[in-house]
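Notes to accompany the following structure.
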Amino acid sequence: MNGVTGSDVFFSDMNVSTGDSLLKKMRRVCEAAGIGKMDMKKKFVAVKMHFGEYGNLSFLRPNYAKVVADMVLERGGVPFLTDCSTLYPGCRKNAVEHLDTAYANGFSPLTTGCHVIIGDGLKGTDESLIPINGEYVKEAKIGKVIADADILISLSHFKGHEITGVGGAVKNLGMGCASRRGKMEQHSDAKPVLDHERCRGCRECLRACAHGAITFPDRKAVIDYDACVGCGMCISACRYDVIGAGPDSSKDILCRKMAEYAAAVVRGKPNFHISIVCDVSPLCDCYGGNNPPIIPDVGIFASFDPVALDSACAEMSAAQRPIGREVCGRDIFADVNEGTDWRITLDHAEKLGLGTVSYNLVKVD
Ligand code: SF4
Ligand code: SF4
């Protein structure tokens with residue numbers, strides 16, 4: 027909601043004149059938004075982003091990450107790029123595969139000027155517990171590397187999402203910074219499910235389970251749900267993708283849990299947020315492929331307030347004329363992902379004091 031009492035969100039569109047570039051514009055937007063006010067000298071600065079699933083081509087290019095890393099280096103800070111591994115099977119489910127994917131997608135010290143460090147360790151279990159005492163989450167499970175960083179900068183590709191409506195700064199913080207257990211807590215009220223028929227009997231899950239919750243009554247695994255604590259270790263241990271997360275929480279609850287996680291991630295830590303609204307695909311960059319954009323490229327946004335930032339990105343996106351679909355009278359994100367409502371996350375985040383949905387848009391040339 028655009029209003030005079032909200033947080034400042036700085037913005038530039040994606041048009042460039044000769045001699046200018048989007049990278050220069052991005053720097054101008056960040057500087058106008060006050061990134062220089064942060065004391066970065068000798069501080070570890072985590073730049074939280076998404077390196078894209080292998081095969082997806084709508085994730086943010088490494089060139090954008092280099093602009094952020096350069097701004098940190100110029101201010102005496104120690105930047106690194108980070109993300110936590112995924113809960114689901116794919117190319118980013120442990121630190122080794124995640125790094126392979128980041129390199130394959132072009133993120134390396136040569137291209138970005140800094141290192142990639144996976145935020146939650148080899149198997150997604152390296153976490154810090156951050157008390158939040160929210161409505162749904164008492165203790166957020168956050169990747170230890172991110173929790174240990176002195177400063178957090180989120181760099182988000184703003185796009186649609188099949189559960190949360192949009193993927194922007196709050197999702198990058200809340201879901202993206204969570205360890206495996208943290209992601210499980212947000213995604214699911216239940217424990218993992220195991221497809222008994224497809225089990226190969228390799229017993230890797232048995233070795234991974236510290237709670238004695240996996241047994242082999244007939245050479246194939248079963249989970250004893252009385253003993254299972256829902257840590258999710260067996261999911262990453264199974265190389266055959268036989269074990270997966272349980273049934274999803276309702277979309278609304280997931281959105282609110284995610285907001286609580288985002289509030290925990292930035293609690294007590296200087297933070298700054300950048301979103302680029304380009305290649306706005308209907309689904310998130312976790313898919314190994316992407317559909318064409320649903321709206322024209324909108325611009326580059328930056329703010330100290332991640333809630334105002336998402337609010338501005340979502341409303342300016344919704345004001346665009348959709349590509350390849352009729353104008354239907356409701357916002358584009360609810361139209362492409364039926365049953366989603368991005369406002370649920372932002373309203374809950376505002377209630378938690380993470381930021382405000384009201385914003386003042388400040389145009390930067
Ligand atoms: S989720 Fe954790 S406790 Fe439950 S079966 Fe898997 S490894 Fe064991
Ligand atoms: S790791 Fe997977 S395939 Fe191996 S025993 Fe466990 S469930 Fe079966």
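All the letters of the sequence shown, read from the start, carry residue numbers 27 to 391 under this note's numbering.
Note that CB positions come from ideal geometry on N, CA and C, so glycine has one too.
Check                                                                                                                : Outcome
Nearest to residue 107 (by Cα), restricted to the options 276, 384, 38, 89                                           : 89
Residue 264 Cβ short of 7 Å to ligand 2 heavy atom set                                                               : yes
Distance between residue 334 and residue 373 (C-alpha atoms, nearest Å)                                              : 11 Å
Contact test: residue 115 Cβ vs ligand 1 heavy atom, cutoff 7 Å                                                      : no
Residue 255: CB within 7 Å of a non-hydrogen atom of ligand 1                                                        : yes
Bridge-paired residues (DSSP) for residue 386                                                                        : 34
Residue 261 Cβ short of 7 Å to ligand 4 heavy atom set                                                               : No copy of ligand 4 occurs in the structure displayed; its ligands are ligand 1 and ligand 2 alone.
Reference residue 144, options 123, 155, 157, closest by Cα                                                          : 123
Span of the alpha helix (DSSP H), counted from its first residue to its last, around residue 137                     : 135-138
Contact between the stretch 175-193 and the stretch 226-240 (3+ Cβ pairs under 8 Å)                                  : no
Heavy atom of ligand 2 within 7 Å of residue 49 beta-carbon                                                          : no
Endpoints, alpha helix (DSSP H) assigned at residue 262                                                              : 259-263
Cross-strand partners of residue 186 (DSSP beta bridge)                                                              : 192
First and last residue of the uninterrupted alpha helix (DSSP H) at residue 92                                       : 88-100
Closest Cα partner of residue 75 within the set 69, 63, 94                                                           : 94
The stretch 293-300 in contact with the stretch 343-350 per 3-pair CB rule at 8 Å                                    : no
Touching by the beta-carbon criterion (3+ pairs, under 8 Å), the stretch 64-74 and the stretch 32-46                 : no
Whole-number beta carbon distance between residue 211 and residue 163, since they are thought to touch under 8 Å     : 7 Å
Other residues of its chain near residue 208: CB distance less than 7 Å, five sequence neighbours each side excluded : 153, 166, 167, 168, 287
Contact under 8 Å by Cβ, residue 379 with residue 33                                                                 : no
Nearest residue (CA-CA) to residue 258, options 47, 50, 112                                                          : 112
Ligand 1 heavy atom lying under 7 Å from the CB of residue 243                                                       : no
Beta-carbon proximity list for residue 191, same chain, < 7 Å, skipping 5 on both sides                              : 359, 360, 363, 366, 367, 368
Member of 277, 313, 49 whose CA lies at the smallest distance from the CA of residue 300                             : 49
Touching by the beta-carbon criterion (3+ pairs, under 8 Å), the stretch 213-227 and the stretch 314-328             : no
Distance between beta carbons of residue 303 and residue 281, contact taken as under 8 Å                             : Between residue 303 and residue 281 the Cβ distance is about 20 Å, and since that is not below 8 Å, they are no contact.
heavy atom of ligand 2 below 7 Å from residue 258 C-beta                                                             : no
Supposed close pair residue 388, residue 58 - CB separation, criterion 8 Å                                           : 7 Å
DSSP state of residue 204 mapped onto helix, strand, coil                                                            : strand
Residue 217 beta carbon near ligand 1 (any heavy atom closer than 7 Å)                                               : yes
For residue 167, the first and last residue of its enclosing beta strand (DSSP E)                                    : 165-169
Reduced DSSP secondary structure (H/G/I, E/B, other) of residue 349                                                  : coil
Three-state secondary structure (DSSP) of residue 62                                                                 : helix
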